[in-house]
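Novice: Got a structure here, written out as structure tokens. Questions coming.
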Amino acid sequence: MSLKDFIKNNDYVLLDGAMGTVLQSKGMEMGALPELLNITDPDMIKMVHKDYINAGANIIYANTFGANRYKLSGSGKSVAEVVGAGIRNAKEAVKESGKEAYVALDVGTIGKLLEPTGTLKFEEAYDIYKEIVISGKEADVIVFETQTDLYELKAAVLAAKENSELPVFCTMTFEKNKRTFTGCGAANMALTLEGLGVDAMGINCSLGPKDLLDVIDEISKYTKVPLIVKPNAGLPDPLTNQYDIDEEEFAKQLLEFSKYNVKYYGGCCGSSPAYISKLKEHFEENKELFAIENEIEYFKDSFICSSTEYVRVNQPIIVGERINPTGKKKFKEALLNDDIDYILNQAIEQINVGADVLDVNVGLPGIDEKDMMIRAIKALQSITDVPLQIDSTIPEVLEAALRVYNGKPIINSVNGEEKSLEAILPIVKKYGASVIGLTLDEGGIPKKAEGRFEIAKKIMDRALSIGIKKEDIYIDCLTLTASAEQDGVIETLKAIKMVKEKLGLKTILGVSNISFGLPGRELVNHTFLAMALSYGLDLAIINPNIGAMSGTIRAYRLLMGHDRNSVDYINAYEDHLQYMLAKAPSTKNKDKSIAEISEDGDNPLGNAIKNGLKNEGMNITKELLKEKSSMEIINEYLIPALDKAGSEFEKGKIFLPQLIMAADVAQGAFSVIKESMDTSKDNVSKGKIILATVKGDIHDIGKNIVKVLLENYGYTVIDLGKDVPYEDVLNATIKHNAKLVGLSALMTTTLVSMKETIKLLRDNNVDCKVMVGGAVLTPDYAKSIDADYYSKDAKESVDIAKLVLG
Numbered sequence: 031m032s033l034k035d036f037i038k039n040n041d042y043v044l045l046d047g048a049m050g051t052v053l054q055s056k057g058m059e060m061g062a063l064p065e066l067l068n069i070t071d072p073d074m075i076k077m078v079h080k081d082y083i084n085a086g087a088n089i090i091y092a093n094t095f096g097a098n099r100y101k102l103s104g105s106g107k108s109v110a111e112v113v114g115a116g117i118r119n120a121k122e123a124v125k126e127s128g129k130e131a132y133v134a135l136d137v138g139t140i141g142k143l144l145e146p147t148g149t150l151k152f153e154e155a156y157d158i159y160k161e162i163v164i165s166g167k168e169a170d171v172i173v174f175e176t177q178t179d180l181y182e183l184k185a186a187v188l189a190a191k192e193n194s195e196l197p198v199f200c201t202m203t204f205e206k207n208k209r210t211f212t213g214c215g216a217a218n219m220a221l222t223l224e225g226l227g228v229d230a231m232g233i234n235c236s237l238g239p240k241d242l243l244d245v246i247d248e249i250s251k252y253t254k255v256p257l258i259v260k261p262n263a264g265l266p267d268p269l270t271n272q273y274d275i276d277e278e279e280f281a282k283q284l285l286e287f288s289k290y291n292v293k294y295y296g297g298c299c300g301s302s303p304a305y306i307s308k309l310k311e312h313f314e315e316n317k318e319l320f321a322i323e324n325e326i327e328y329f330k331d332s333f334i335c336s337s338t339e340y341v342r343v344n345q346p347i348i349v350g351e352r353i354n355p356t357g358k359k360k361f362k363e364a365l366l367n368d369d370i371d372y373i374l375n376q377a378i379e380q381i382n383v384g385a386d387v388l389d390v391n392v393g394l395p396g397i398d399e400k401d402m403m404i405r406a407i408k409a410l411q412s413i414t415d416v417p418l419q420i421d422s423t424i425p426e427v428l429e430a431a432l433r434v435y436n437g438k439p440i441i442n443s444v445n446g447e448e449k450s451l452e453a454i455l456p457i458v459k460k461y462g463a464s465v466i467g468l469t470l471d472e473g474g475i476p477k478k479a480e481g482r483f484e485i486a487k488k489i490m491d492r493a494l495s496i497g498i499k500k501e502d503i504y505i506d507c508l509t510l511t512a513s514a515e516q517d518g519v520i521e522t523l524k525a526i527k528m529v530k531e532k533l534g535l536k537t538i539l540g541v542s543n544i545s546f547g548l549p550g551r552e553l554v555n556h557t558f559l560a561m562a563l564s565y566g567l568d569l570a571i572i573n574p575n576i577g578a579m580s581g582t583i584r585a586y587r588l589l590m591g592h593d594r595n596s597v598d599y600i601n602a603y604e605d606h607l608q609y610m611l612a613k614a615p616s617t618k619n620k621d622k623s624i625a626e627i628s629e630d631g632d633n634p635l636g637n638a639i640k641n642g643l644k645n646e647g648m649n650i651t652k653e654l655l656k657e658k659s660s661m662e663i664i665n666e667y668l669i670p671a672l673d674k675a676g677s678e679f680e681k682g683k684i685f686l687p688q689l690i691m692a693a694d695v696a697q698g699a700f701s702v703i704k705e706s707m708d709t710s711k712d713n714v715s716k717g718k719i720i721l722a723t724v725k726g727d728i729h730d731i732g733k734n735i736v737k738v739l740l741e742n743y744g745y746t747v748i749d750l751g752k753d754v755p756y757e758d759v760l761n762a763t764i765k766h767n768a769k770l771v772g773l774s775a776l777m778t779t780t781l782v783s784m785k786e787t788i789k790l791l792r793d794n795n796v797d798c799k800v801m802v803g804g805a806v807l808t809p810d811y812a813k814s815i816d817a818d819y820y821s822k823d824a825k826e827s828v829d830i831a832k833l834v835l836g
């Protein structure tokens, strides 16, 4: 029976459990690459697989989780060798078991962070995953699991979709706040992966079953794709290496997921064949639970999203129009001068006055629009979580932008011309975007509403025919200038109403064109906007910097009951004078020194750090050096700005990418300060810190993030890497006279290495403090191994460094 038929014929499918912890229990050495056992000890791997098959697993994950070129470098084995052996072992195990089971190509994270959080480029990540997918072509299904970065996962899915015909399953690792450690939300994952066409999605690792119920509940609201649950056996006890949920309780807790659209069940860290056996027993005893049609709330609305925020189009939405060179001399100059910061500033201004979505158009003769669009998209999503609307008439530009966009954007646009429909709609479908349909075709823009309606229907029918969802289609009935086409104004409004009522589609409109050639344009614009809203307009493309425009939408939301208890309106206009002056440029800081700090701590360098503007931050630092010493800039500007970003991160107001970007801007400022040291006696370094992932542990992403933040706070970091022997930590600490040592461990089995490293430092009477961190650590365990500090995350590591080094 094919896997597809097996899935179709069963209410649930059982997956296997942990591989790593089982191999460790069978004597695998600390620090060893489990995937190499595919070649050096295939019988052990096959034995684990057969144990899971005999326990009841319908799909077993091949021992290929970390088999990528980065993690295998230096092993003497290629990806093709290791992955090929892994798939063969799993297939042979199925055959030897005599039972029906299927083999998944199991693919974990690369082990390096993607830009902007790290240095790995999206295209490089794609190539790494492509190599794995091609090497594992004999599998029955591809599983990307334990993912924390939606951007990396997108690269993986594209690599699978473009180089294989196999089904694609994806699971991410979430915390109790329903976000991954990079800030990706459960809803954002669901919306993006469904758009990309994955066959199943869900969660694995991180927590026990009960703690992941809320995450599955959240995912279920945003997708109808079958779901996967593969939780840990609770949490590990660092002292015993045992997980705190036994087989019986694990199975009972997983049964609770049957009320959701969960099709696939298995285990992750700490689980074993005994867990899967108990799971099978409980599920067979409660088969009736899986036959019940679930009644979980599902939002059948239109959504667009970045990796961390989404916009639900169930009320009028503001689309900022300012990132567009049309009619803007300064913008054109910025594009010709390759000034990306100008684009970023336009984005920040619009977001600060209420833009929900940003339109991005960089089309200009004399530049490479495709290259500029890619760089603009990457830069924008590195500093803001507001979803983007990608605006171009060139299919190649749209596809290039869609490829590197992290989330689910809107494409602006397709129209009723046959060549447009053929070129644009397949791209929209492939990347899972929403799309704007312009009501024009080979005959131009129809004068009457009925003609525009027919084009809208044509666009909708074609989009639906290739699998684009109705909720992802937005119709632009087109605004004509009132001065030249006065009768066309009401036709546009009538067309909006017809599209809404007869087709059930969302509508969008570029509002400002209505007043072209007329005096008092703003009065015409916001009056027309109010009229359009009353006819059913959903998304308004406007300049949100003009108070009357954004104010009209806020007032409409209030009056229509979208803005419950008037919260948004009151927050925006509590000071009515602010609203009245909203379009006027502020002049109160015009004559102030760039070094002046306001009462609430705002200053130009701090704002550059907050907004992720690296070039601007470096230029401001150069100016500050004319008035301030290096240490004054560090202590009065850089450190407070980074502290503020850290505080926002801890409160969940910004996420890891924004925190890293803030640190990167600070790093740029530090580099300018260091250059000035040739003529200054200031000492920039605030002290030396040793960082290391302990002996036997090959995971270093968390340590690398800590390093970035510490360096950007002015500390000198000596990074010893991963799998570091105890003696190397001791020798480096003595050599550099470091007063703070940071040790990281991700696996319970390597905690003994952490303990021994600290013991060696203490036995040699080294004058230093030790901070420890990692997913399996607890404050109590840190204390028990004589660590001075436990750090729960990168920001807390900085706080500890301040305590120790100042």
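Residue numbers for the sequence shown follow the numbering used here, so the first one is 31 and each next one is one higher. Yeah, the Cβ is synthetic: ideal placement off N, Cα and C, and Gly gets one too. Since we're looking at a predicted model, the values are computed, not measured.
#1: Suppose you measure from the CA of Ile572 to the CA of Glu323; what does that come to, to the nearest Å?
#2: If you follow the beta strand (DSSP E) that Phe174 is part of, which residue opens it and which one closes it?
#3: Excluding five sequence neighbours on each side, which residues of the same chain lie with their C-beta closer than 6 angstroms to the C-beta of Val771?
#4: Pick helix, strand or coil for Pro615, following the three-state DSSP scheme.
#5: To the nearest angstrom, how far is the alpha carbon of Leu144 from that of Phe152?
#6: Inspect the beta-carbon positions of Asn119 and Val163 and report whether they are closer than 8 angstroms.
#7: Kindly list the residues whose CB is nearer than 8 angstroms to the CB of Ile285, restricted to its own chain and excluding five residues on each side of it in sequence; keep chain order.
#8: Using a Cβ-Cβ cutoff of less than 7 angstroms, which residues in the same chain neighbour Leu686 once the five nearest sequence positions on both sides are dropped?
#9: Return the bridge partner residues of Arg342 from the DSSP annotation.
#10: What residue range is occupied by the uninterrupted alpha helix (DSSP H) comprising Leu776?
#11: Taking 7 angstroms as the line, does the beta carbon of Ser580 fall inside it for any heavy atom of the ligand COA?
#12: For the putative contact between Gly467 and Ile496, defined by C-beta atoms under 8 angstroms, what is the C-beta separation to the nearest angstrom?
#13: Assuming Thr537 is part of the beta strand (DSSP E), what are its boundary residues?
#14: Can you give me the start and stop residues for the alpha helix (DSSP H) that Gly518 sits inside?
#15: For Phe199, which beta-bridge partners are listed by DSSP?
#16: Count the CB pairs spanning the region 456-463 and the region 479-486 that are closer than 8 angstroms, and state whether there are at least three.
#17: Please determine, among Ala722, Pro346, Leu388, Leu394, the residue with the shortest C-alpha to C-alpha distance to Lys359.
#18: By the DSSP assignment, the alpha helix (DSSP H) with Arg587 in it spans what residues?
#19: Could you compute how far the alpha carbon of Lys860 sits from the alpha carbon of His556?
#20: Scan the region 424-490 and note each continuous beta strand (DSSP E) run of 3 residues or more that stays entirely inside, going in chain order.
#21: Can you check which of these residues, Ala281, Ile441, Gly264, is closest to Tyr273 by C-alpha distance?
#22: May I have the straight-line CA-CA distance separating Ala638 from Ile378, to the nearest angstrom?
#23: Could you spell out where the alpha helix (DSSP H) holding Asp890 opens and where it closes?
#24: How big is the Cα-Cα spacing for Ser616 and Tyr603?
#25: With H, G and I counted as helix, E and B as strand and the rest as coil, what does DSSP make of Lys799?
#26: Report the residue from Tyr819, Met590, Asn88, Gly116 whose alpha carbon sits nearest the alpha carbon of Lys310.
#27: Kindly indicate the opening and closing residues of the beta strand (DSSP E) around Gly350.
#28: Could you say if the region 283-302 and the region 241-257 meet the contact criterion of at least three C-beta pairs nearer than 8 angstroms?
#29: Give a yes or no on whether the C-beta atoms belonging to Ala92 and Ala134 are separated by under 8 angstroms.
#30: Can you tell me where the alpha helix (DSSP H) with Asp401 in it begins and where it stops?
#31: Whole angstroms are fine: how far does the CA of Asn761 sit from the CA of Glu786?
#32: Does DSSP put Lys499 in a helix, a strand or coil?
#33: Is Asp331 near Glu531, with beta carbons less than 8 angstroms apart?
#34: Strictly by DSSP, which residues pair up with Leu770?
#35: DSSP three-state label for Leu285, please.
#36: Tell me whether the beta-carbon of Gly744 lies closer than 8 angstroms to the beta-carbon of Lys716.
Specialist: Put simply:
#1: Straight through space, the alpha carbons of Glu323 and Ile572 are spaced by roughly 44 angstroms.
#2: That run of the beta strand (DSSP E) goes 171-177.
#3: These residues qualify, in order along the chain: Ile720, Thr763, Cys798, Val800.
#4: Model confidence at Pro615 stands at a pLDDT of 36, short of 50, so the residue's coordinates are unreliable and nothing is read from them.
#5: Going by the C-alpha atoms only, they are around 7 angstroms apart.
#6: Not a contact, by the Cβ cut-off of 8 angstroms.
#7: Looking at the sequence shown, residue 285 is not Ile but Leu. Cβ neighbours of Leu285 within its own chain (closer than 8 angstroms, five residues either side excluded): His312, Phe313, Asn316, Leu319.
#8: The residues are Thr147, Phe211, Thr212, Gly213.
#9: DSSP lists Phe333 as partners of Arg342.
#10: Judged by DSSP secondary structure, Leu776 falls outside any alpha helix (DSSP H); it is assigned neither H nor E.
#11: The ligand COA is not part of this structure, which contains no ligands at all.
#12: Contact check for Gly467 and Ile496: beta-carbon distance about 14 angstroms, past the 8 angstroms limit, so the pair fails to qualify.
#13: Thr537 -> beta strand (DSSP E) spans 536-540.
#14: Here the alpha helix (DSSP H) through Gly518 covers 518-528.
#15: Within the DSSP bridge table, the entry for Phe199 names Val173, Ala230 as partners.
#16: Contact annotation: the region 456-463 does not touch the region 479-486, with fewer than three C-beta pairs closer than 8 angstroms.
#17: When Ala722, Pro346, Leu388, Leu394 are compared, the shortest CA-CA separation from Lys359 is found for Leu394.
#18: Element bounds for Arg587: 577-589.
#19: No answer is possible for residue 860: the residues shown for the chain start at 31 and end at 836.
#20: Counting whole runs of 3 or more residues, the region 424-490 contains the beta strand (DSSP E) stretches 440-445, 464-468.
#21: With distances taken between Cα atoms, Tyr273 lies closest to Gly264.
#22: The alpha-carbon atoms of Ala638 and Ile378 are separated by roughly 11 angstroms.
#23: Residue 890 lies beyond the range of the chain shown here (31 to 836); nothing can be said about it.
#24: Residue placement at Ser616 is flagged as unreliable, the pLDDT there being 37, under the threshold of 50; the coordinate-derived value follows with that caveat. Roughly 17 angstroms separates the two Cα atoms.
#25: Strand at Lys799.
#26: Ranking Tyr819, Met590, Asn88, Gly116 by CA distance to the CA of Lys310 puts Asn88 first.
#27: Counting along the chain, the beta strand (DSSP E) containing Gly350 begins and ends at 347-353.
#28: A contact is defined here as three or more CB-CB pairs under 8 angstroms, and the region 283-302 meets this definition with respect to the region 241-257.
#29: Closer than 8 angstroms, so yes.
#30: Segment 399-413, the alpha helix (DSSP H) holding Asp401.
#31: Here the C-alpha atom of Glu786 lies approximately 14 angstroms from the C-alpha atom of Asn761.
#32: In the structure shown, the three-state DSSP call for Lys499 is coil.
#33: No.
#34: Listed as beta-bridge partners of Leu770 by DSSP are Ile719, Lys799.
#35: Leu285 carries a helical assignment under DSSP once its states are collapsed to helix, strand and coil.
#36: A contact, by the Cβ cut-off of 8 angstroms.
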